[in-house]
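full-length UniProt numbering applies: residue 1 is where the sequence shown begins, and numbers increase by one.
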Amino acid sequence: MNKLIEFGRKALFYARVLSGYEERRIRSYRLQLQNRIKQAQEKKAAVRKVPEQIIISEVRRMVEEMQALNKKLEETEAAIDEYFKPLDKQAEMIMKIQLQGEEKTMKEMMKAMQRQALLEKEMDKPIKVNQAEESDRQK
């Protein structure tokens, strides 16, 4: 009985081989295996890319945050400049007034020093004349 079953199996196998069924089945199985291998490789490549994509997305996010912060800083700086503009104008006016006052006092001091020098010169003339007269008398 076993021999009969074995013979039947072999006969069916030969019939399938001769009809091309077995060859198509083998090709189909091989294609399935190739597709599985290809999908596994794609998954593997995708898994490798995931950390890169995560890093790239993190870097992008950080760059966007830094750009937003820079923009906010520029806006704040502009607002501060705008706020202090009247104070800067007032300070500039005060500085000009102080400089004008200092220039005025310097000019007055120069005039006073010139007057003082002229007075000293005139005071020295009679003394020199007196000294010249005395030296003439002594001779």
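C-beta: ideal position from N, C-alpha, C; glycine also.
Margin query: Our contact map puts residue 22 next to residue 16 with C-beta atoms below 8 Å; I'd like the distance itself, whole angstroms only.
Written below: Contact flag correct, Cβ pair sits at about 4 Å.
Between the alpha carbons of residue 11 and residue 28, how many angstroms are there, rounded? Roughly 22 Å between the two C-alpha positions.
In this structure, how does DSSP classify residue 1 when only helix, strand and coil are distinguished?
Of the three classes helix, strand and coil, the one that applies to residue 1 here is coil, per DSSP.
*asked:* Using beta carbons (cut-off 8 Å, strictly below), is residue 99 in contact with chain C?
replied: As a matter of chain content, chain C is missing from the structure shown, which is built from one protein chain.
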